[in-house]
Structures are given as C-alpha cells and as structure tokens.
Amino acid sequence: MVSTFPNSSSVDLSRIRLSIRSLQPQLVEWRRRLHQQPELGFQEKLTAEFVSEKLQEWGIEHKIGIAHTGIVATIKGNKVPSTDAINRVSLNSPLPTPQVLAIRADMDALPIQELNEVPYKSQHDGVMHACGHDGHTAIALGTAYHLQQHRQDFSGTVKIIFQPAEESPGGAKPMIEAGVLKNPDVDAIIGLHLWNNLPLGTVGVRAGALMAAVECFNCTILGKGGHGALPHQTVDSVVVSAQIVNALQTIVARNVNPIDSAVVTVGELHAGTKRNVIADTARMSATVRYFNPSLKGFFKERVEQIIAGICQSHGASYHLEYWSLYPPVINDIRMAELVRSVAEEVLETSMGIAPECQTMAAEDMSFFLQEVPGCYFFLGSANSAKDLAYPHHHPRFDFDETALAMGVEIFIRCVEKYFI
1 MVSTFPNSSS VDLSRIRLSI RSLQPQLVEW RRRLHQQPEL GFQEKLTAEF VSEKLQEWGI
61 EHKIGIAHTG IVATIKGNKV PSTDAINRVS LNSPLPTPQV LAIRADMDAL PIQELNEVPY
121 KSQHDGVMHA CGHDGHTAIA LGTAYHLQQH RQDFSGTVKI IFQPAEESPG GAKPMIEAGV
181 LKNPDVDAII GLHLWNNLPL GTVGVRAGAL MAAVECFNCT ILGKGGHGAL PHQTVDSVVV
241 SAQIVNALQT IVARNVNPID SAVVTVGELH AGTKRNVIAD TARMSATVRY FNPSLKGFFK
301 ERVEQIIAGI CQSHGASYHL EYWSLYPPVI NDIRMAELVR SVAEEVLETS MGIAPECQTM
361 AAEDMSFFLQ EVPGCYFFLG SANSAKDLAY PHHHPRFDFD ETALAMGVEI FIRCVEKYFI
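Oh and the sequence shown: position 23 is 23 in full-length UniProt numbering, straight run, nothing missing.
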C-alpha cells in the first residue's frame, strides 16, 4: 500500500487502519490550529473551548473546568465483554475485569518565542508549543472521535483526560484531587509524549522508571561584602558559592549507588555588581533528578548538610528553599507490555521499539501512575530529512505530523486490546 502521508517515505503506514488514515488531514488541521494559539499552564481557555466544541459536536459526554481548564470526556463501548478480558493490571494485584481505561493528554505551551517561519506559527507573542502538547491534544481528539464512531469495537469505558499545566506548575495532581479518576473509577491509564529524541516510526516504552523525579532548590548565601583589595575584611559569598557548587557534585559521585542514576544541576548563580567589590550575597537555583523512589528525601537532607557545612567553615550563613515538584514516572509491567505489543503491531521500521529510552526529564503523568497502574511512552516524531528534529523546548521545535495518526492508531489498539 502506498502511503498518502506527507514526509513519510521511510515509514510503512499500511498497518494504520483506513478510518484513521482518512482522519489524518483533520488531525493536522486541529494540531495546527492549536499550535497557532498556545497558552501557558492553567490559562488554556481557547484550547479548552476548542476541545469542548469538538466533543460536543461529536456527542461525547464531557466535563469542563476541572482544575481551571481541564476536561474529561467519557466514551462507553457497546461491545459485549469477552471472558478473556485482562483481569490483572499488575502482576501482583489481581483485580476484577477492568471497566475503565483512561487516556491522558496535556494541553499547555511554553514561554518561548517561536522562530519557525511556517503558516501555523504561534500568534501569541512569547508563547509557543515547543514540546508537542498541541500534537498530544490533537491525538486525544482523534482518539475520542474514532472511539465515539466505533463504539461497537470495544467494551468498557474510556475516559480521556485533557490536562492543563504539565510544564508548570503541574495540572495532574489538581485534576486527581478534583476526582478525574473517580465516577467511574479508573482501573488503568496510558499516555504518550511525541519525542524528537526518537525518529518517526519508533516507540520508546519500558516497564519501571521511564522519567525522573525532579526536586528544586533556591539558596541565598549571606556573606560580608567589601573591597576586592581587602578580602580579609569580608566573607566572600562568591568563593563560598563556588565551593558549594563543586561539593554538590559529590552527592551523586560519592553518596548515591552508582547503579542508581541521578543528577544535581546548578542552573543559575548570581552574585556581585563590580569587579573590585566582594559580593555580600550570592543566589543559586538548582534541580535534582533521580529514578529510584527510595531516594526521596535523601537529596534535601544532603544538600543542606553540604551548604551548612561550607557556610560554617567560612563564617557565612544561608537561606535555603527546597521542594519536590514531580515524582518519577514508573510504568506498570503489565501495562507497559500492553503498549509494547500494540506498538509492535503498528510500527514497521528498522528501529521499531526502543526499550532503553529513559530520560532525566520529568513529567507530572507520574501522579496518575501513583494512583492507578499505567504506562507512559514516547512516540518518535523527528524527521531530520525535513528539518524536523530540533529538541524539545527549542524555539524551532516542530515534529513530523505523520506521528499524529500513529498515535491515534496506538491508542485505539490499546483500548481494543485492553478490553478484549
């Protein structure tokens, strides 16, 4: 079968069903409209209005205004359940035959000025869909439309969660607190991230840790300023800060088991106003990332021990703010196997499945996965031949839109296979 998709000569799309291939122009149209009107976290009013309009047009039951701008759509299948339906969503937790599968898609954009010169360029100054969330929303819409039109092909209920504010400050937890996993209760959840770190036609999926926990801290070092020619009269906050930055690297190098990946990154360090003035204060901001959930709490204690010890040795003081942002993304073994098996059915490329696809990037999908078993996976979307391989959060980020139909096909097959 010859593909009619743009920019997809190296990818076999014959396994994508005709009803979804025919939906591709609409998926592109929806994605590009969303791309033109990007909105920051909890401000996705235009996006939510567009999603709600489409769901209403298709007769899909949904609730709006959840955690400000979130939406939850509910679609019930008409197929009679098989006795072979999955009755376990984890290897160690037998459950009744599952009734509800959730699909999650995030909607927010980033505070980035787009540099792409394309017809669908962002119309909102200083805001851009630079991480693919416009594609996630379009894929979720396409999935909702197809499920609604083919309810005879699956049993059970599918809840599609359109989530705000993944980038910051995090919309998953407020949506959970608002009850999106209840009434009806969700048994398992899946979600995807378009991923320019993988080529088009590739899926990154693995059981266990996929993405890292992220913790943050701000620290102000309080020294004593003075003249650069008279350092003995001062407590140099720059020198103290430099030693702290170096010492923080020993946490991973000497305090964390080498088998457990982790990273401490000081991304900001500000001090001083003039070359011959010793600064009395210095401010740093940093992130901490790790996969192993047992490390929660460890870094906070160790970071403060290092800062306190160095400050004491120099006669400085400090003010530390430390907080946890997102826990690690931990995929359930059985749900990861479901996604992997479906991906193998859909993809026909040289790479296919990339099982070792961990990243120290973080995602608040992790909060959903703490509540119910599930799987979050990467869908390759880069096409370097078409100059569509810039990294996420880059002002020229864009992706091969062929991935949109792939995402819908994978979601639909996951639903059908989950409710066999």
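Just so you know, even glycine gets a beta-carbon here, dropped at the ideal spot from N, CA and C.
All values derive from a computational prediction rather than experimental measurement.
Report all residues from its chain with a CB closer than 6 Å to the CB of K300; omit the five preceding and five following residues, and keep chain order.
Looking up residue 300 in the sequence shown gives position 300. Result list for K300: Y322, in chain order.
Please classify C216: does DSSP put it in a helix, a strand, or coil?
Counted from its first residue, the sequence shown places residue 216 at position 216. Note: C216 maps to strand in three-state DSSP.
Compare the beta carbon distance of A336 and R289 with 8 Å and say whether it is the shorter of the two.
As a working mapping, residue 336 is identified with position 336 in the sequence shown. As a working mapping, residue 289 is identified with position 289 in the sequence shown. Their beta carbons are not under 8 Å apart, which means A336 does not touch R289 by this criterion.
Range of the contiguous alpha helix (DSSP H) that encloses E337:
As a working note, residue 337 is residue 337 in the sequence shown. Segment 333-346, the alpha helix (DSSP H) holding E337.
Using the Cβ count rule (16 or more neighbours within 10 Å means buried), how would you classify I66?
Within the sequence shown, numbered from 1, the residue matching residue 66 stands at position 66. It counts as buried.
Under 8 Å, with one C-beta from each stretch per pair, do the segment 381-399 and the segment 339-359 reach the 3-pair mark?
As far as the Cβ criterion goes, the segment 381-399 does not touch the segment 339-359, which means the pair count is below three.
Could you give the C-beta distance for V28 and L404, rounded to a whole number, given that I count them as a contact under 8 Å?
Counting from 1 along the sequence shown, the entry for residue 28 is found at position 28. Counting from 1 along the sequence shown, the entry for residue 404 is found at position 404. Correct: roughly 7 Å between the Cβ atoms.
Taking only three categories from DSSP, how would you classify C414?
For the purposes of this step, residue 414 is taken as the residue at position 414 of the sequence shown. Looking at C414 - three-state DSSP - the assignment turns out to be helix.
Candidates Y418, L210, F378, D398: which alpha carbon is nearest Q36's?
The sequence position of residue 36 within the sequence shown is 36, counting from 1. The candidate whose alpha carbon is nearest that of Q36 is D398.
Cα-Cα, which of E57, G204, L40, L388 is closest to G70?
Your numbering for residue 70 matches position 70 in the sequence shown. Nearest neighbour of G70 by Cα position, chosen from E57, G204, L40, L388, turns out to be L40.
For D187 and V252, what's the separation of their Cα atoms in angstroms?
Translated into positions along the sequence shown, residue 187 becomes position 187. Translated into positions along the sequence shown, residue 252 becomes position 252. Those two C-alpha atoms are separated by around 37 Å.
Do A144 and H55 count as a contact pair if the criterion is CB distance below 8 Å?
On the sequence shown, position 55 is the one that residue 55 refers to. On the sequence shown, position 144 is the one that residue 144 refers to. A small fix is needed here, since residue 55 is Leu in this sequence, not His. For L55 and A144, yes; Cβs fall inside 8 Å.
Does the Cβ of I259 have 16 or more other Cβ atoms within 10 Å, making it buried, or fewer, making it exposed?
Locating residue 259 in the sequence shown gives position 259, where the first residue counts as 1. Note on I259: under 16 other CB atoms within 10 angstroms of its CB, so exposed under the neighbour-count rule.
Pull up the distance between the alpha-carbon of S313 and that of P169, whole angstroms please.
As a position in the sequence shown, residue 313 is number 313, starting the count at 1. As a position in the sequence shown, residue 169 is number 169, starting the count at 1. In a straight line, the C-alpha of S313 is about 36 Å away from that of P169.
Quick one: Cα of I412 to Cα of A140, how far?
By 1-based counting over the sequence shown, the position of residue 412 is 412. By 1-based counting over the sequence shown, the position of residue 140 is 140. Taking the straight line from one Cα to the other gives about 10 Å.
On a CA-only basis, which of Q123, Q148, Q26, I420 is nearest P111? Give me that one, please.
For this step, residue 111 is matched to residue 111 along the sequence shown. Nearest option by C-alpha distance: Q123.
Taking the straight line between their C-alpha atoms, what separation do you get for G135 and T402?
Residue mapping note: residue 135 aligns to position 135 of the sequence shown, counting from 1. Residue mapping note: residue 402 aligns to position 402 of the sequence shown, counting from 1. About 11 Å.
Reduced DSSP secondary structure (H/G/I, E/B, other) of P94:
The count along the sequence shown starts at 1 and reaches residue 94 at position 94. Its pLDDT being 49, under 50, P94 is placed unreliably in this model, and the value from its coordinates should be taken loosely. Here P94 sits in strand by DSSP.
Taking a contact to mean a Cβ-Cβ separation below 8 Å, would you say V203 touches G59 in this structure?
As a first step, residue 203 must be located in the sequence shown, where it is residue number 203. As a first step, residue 59 must be located in the sequence shown, where it is residue number 59. With respect to the 8 Å criterion, V203 and G59 are not classified as neighbours on the basis of their beta carbons.
Hey, would you say A73 sits closer than 8 Å to E61, going by beta carbons?
Within the sequence shown, residue 73 is the residue found at index 73, counting from 1. Within the sequence shown, residue 61 is the residue found at index 61, counting from 1. Closer than 8 Å, so yes.
Report the residue ranges of all beta strand (DSSP E) runs contained in full by the UniProt domain "Peptidase M20 dimerisation" (217-316); include only those spanning at least 3 residues, in chain order.
Those beta strand (DSSP E) runs which fall completely within the UniProt domain "Peptidase M20 dimerisation" (217-316) and span 3+ residues are 262-271, 281-290.
Straight-line CA distance for N196 to G225?
Working through the sequence shown from its first residue, we reach residue 196 at position 196. Working through the sequence shown from its first residue, we reach residue 225 at position 225. A direct Cα-to-Cα measurement between N196 and G225 gives close to 47 Å.
On the three-state DSSP scale, how would you describe P199?
In the sequence shown, the residue the question calls residue 199 occupies position 199. Strand.
Hey, K79 and Q152 are a contact pair by Cβ (cut 8 Å); roughly how many whole angstroms apart?
Looking up residue 79 in the sequence shown gives position 79. Looking up residue 152 in the sequence shown gives position 152. About 6 Å separates the two Cβ atoms, so the contact holds.
By alpha-carbon positions, which one of Y376, T220, L320 ends up nearest to R334?
The residue you call residue 334 lines up with position 334 of the sequence shown. Looking at the Cα atoms, Y376 is the closest of the given residues.
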